[in-house]
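K.L.:
Take this structure first; my questions come after.
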């Protein structure tokens, strides 16, 4: 997947998340995936905005 290693705290969070989602229905799983994807897109937009400001190529919006 990636060359980055998770911290101990992140490994713990991942294990806890696995336990929480283990018994989700298919519909609940789909909703969770869509929610996670939306958060990923928001994070990407946030970092792109920070880079634009840092590099002086526009405002954050």
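Residue numbers (the working numbering): 18 to 78.
In this text, a Cβ means the ideal position worked out from N, Cα and C, and glycines have one as well.
Every value quoted in this text rests on a predicted model; they were computed, and no experiment measured them.
#1: Using the C-alpha atoms, what's the distance from residue 46 back to residue 38?
#2: Sorted by chain position, which residues of the same chain lie with C-beta nearer than 8 Å to residue 31's C-beta, five sequence neighbours on each side aside?
#3: Does DSSP put residue 19 in a helix, a strand or coil?
P.N.:
Once the coordinates are examined:
#1: 8 Å
#2: 23
#3: coil
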